[in-house]
Amino acid sequence: MKFFLNGYIFLFIYRPFEIYHFLEVIHLERLWMIAALCYYFFVGSARANRVFGLGAVGFFFTIMLFSGFMAPNIKLWSTTVETYLKIGVFYFLLATSVENEEIFFSILKAYIVVMFFYEAKSLHEYFFHGRVQFRMGISRLIGVDESGADPNALAATINYSLPFAYVLYQRAKDILQQRWWSKLLIGYLVLSAFCIFLTGSRAGAISIVVCTFFIWLRMQHKFRWLFIFIILAIISWNILPYEKKIRLETIWNPDIVMEGIEGEKFMESAKISAQGRSEGFWDGVHLFLKSPILGFGAGNFIIARQQIRKIPLELQPHNLYGQLLGELGGLGVIAFCFLIYKIISLNLSVLRAKVPHLSPIAWASLTVILLLLLNGFAGHNLYRYNWLWIAAFSSILFRLIQNRRSEQNQLAPSS
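Have a look at this one:
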């Protein structure tokens, strides 16, 4: 099953069928998942593994289904539900198929390796083939695939992988037992930071600072590393292109002026972008007041906003909390909070167990949840795959801890 899980991670993140369009006709991702399901049900031996937190995921998905009764556009609702269901199928396979630490770490290694090649390919297209997006007055790095053709989404995708990359680097000698893995992971962390700044994403820049802070808290020789990080930050800032430097400065100085006509457009775009995120939240509150139980249906924020708020533009909420309130209502809020609670409680249990190989992964999972919630102030990431992937990791970690305790109890001499 490990082969199918790692292969699907490659197909899901790298998405070669969106790069090489001749692969579209064979529906490679769908065929791979069908093959994985056939192996799982007819050959695999992990079907009896319990999934911790499955009820929370099921509850959230059920609210998504029932929200369709309130959806003004049933097609948008069905597309959102179908996409989330596909993520849910992989979540279930992942959560039940990983039986031991070796398989789990092979999944994490595959994740980071795929992300490494994905970022490298995106950079290659950026520098040599001009695959960029001109938005907010600057050229911005985007993913090599069609699904990742958004600079903010790419920055978020990279940020969510960094805690796991750091944990693998931290445990490289003990777990990976290969020296070249340490070098690869250092290269990946540097490459990731470079890519995030090329995206020109302010949310991405804030996230990498927060992520670096939590990584620094886990480090030994903190003052030495603080000095190194400060030096790297100064060097990075000085080599950063002018327009991207100004873009980042708008985080703490929204009134900064960029010279020229393009600068005026840039500053206007930056202010509109920040204002749109605030409006997305308050429009979500308004939609919630109109339909407080189930909202206006998963994927229907734009349509509902147009109908209720009389806004003609097709504007996404760009805010997790506005999206949650507007699309899934009060029941959605309860279901989402319950899901986050289960993920956090499972990982805290793993942290309290203080197992050297597993507790750091729980720390990484909690860090990613924090980043997802933080990015929720600047992006509509309610249905992002990372929530369910972290839920699967949390279930696996908790089960592995339980298995260790069972083995220790069996080995303990009876009184």
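Following numbering that gives the first Met the number 0, the numbering of the sequence shown begins with 0 at its first residue and continues without gaps.
Heads up, the beta-carbon is just placed ideally off N, CA and C, and yes, glycines get one too.
As the structure is a prediction and not an experimental result, all values here were calculated from the model.
For residue i, does the count of other Cβ atoms within 10 angstroms reach 16, so buried, or fall short, so exposed?
i: T61; result: exposed
i: P150; result: buried
i: E81; result: exposed
i: W386; result: buried
i: L4; result: buried
i: H220; result: exposed
i: Y125; result: buried
i: T366; result: buried
i: N408; result: exposed
i: A34; result: exposed
i: W215; result: exposed
i: I389; result: buried
i: F335; result: buried
i: F103; result: buried
i: R304; result: buried
i: Y19; result: exposed
i: V50; result: buried
i: T79; result: buried
i: R14; result: buried
Report yes if the CB atom of residue i is closer than 9 Å to the CB atom of residue j, and no otherwise.
i: V349; j: F397; result: yes
i: N338; j: F58; result: A small fix is needed here, since residue 338 is Leu in this sequence, not Asn. Yes.
i: L345; j: G147; result: no
i: A352; j: I400; result: yes
i: S96; j: K1; result: yes
i: E242; j: S138; result: yes
i: Y187; j: F115; result: yes
i: Y159; j: L372; result: no
i: G331; j: L319; result: no
i: A55; j: Y340; result: yes
i: L197; j: L140; result: yes
i: E326; j: L381; result: yes
i: L183; j: V113; result: no
i: H356; j: R170; result: yes
i: I207; j: A192; result: yes
i: G378; j: A152; result: yes
i: G199; j: R130; result: no
Could you tell me which of the options sits nearest to residue i, measuring between CA atoms?
i: Y110; options: F133, Y83, P162; result: P162
i: T156; options: S394, I12, I302, V284; result: I12
i: L231; options: F89, T211, Y39; result: T211
i: G142; options: C194, S160, E101; result: C194
i: L10; options: E23, F21, H20, L27; result: L27
i: Y39; options: F116, F91, L225; result: F91
i: R217; options: R304, P359, G54, E101; result: P359
i: M32; options: L22, V88, F21; result: V88
i: R308; options: E98, G329, H285; result: H285
i: L93; options: Y83, I106, L84; result: I106
i: K289; options: A391, A70, T79, F21; result: A70
i: G6; options: K108, V50, Q132, G136; result: K108
i: A391; options: L225, N402, A361; result: A361
Contact defined as beta carbons within less than 8 Å: I believe residue i pairs with residue j. What is the distance between those atoms, to the nearest angstrom?
i: S181; j: Y168; result: 6 Å
i: R201; j: I245; result: That pair is no contact at about 11 Å.
i: I368; j: I342; result: 6 Å
i: I302; j: L314; result: Rounded, the Cβ-Cβ distance is 11 Å, inconsistent with contact.
i: D144; j: E23; result: About 12 Å; that fails the 8 Å criterion.
i: N299; j: N72; result: 6 Å
i: I86; j: Y384; result: 5 Å
i: N48; j: E100; result: Between E100 and N48 the Cβ distance is about 14 Å, and since that is not below 8 Å, they are no contact.
Quick one: is the Cβ of residue i within less than 8 Å of any heavy atom of the ligand ZN?
i: A352; result: In the structure shown, the ligand ZN is absent, as is every other ligand, since no ligand is present at all.
For chain C, check one thing: does any of its Cβ atoms lie closer than 9 Å to the Cβ of residue i?
i: P15; result: Absent from the structure is chain C; it holds one protein chain and no more.
Okay, do the stretch 227-242 and the stretch 274-286 touch, 3+ Cβ pairs below 8 Å being the bar? no
Any contact of the stretch 288-304 with the stretch 65-72, i.e. 3+ C-beta pairs under 8 Å? yes
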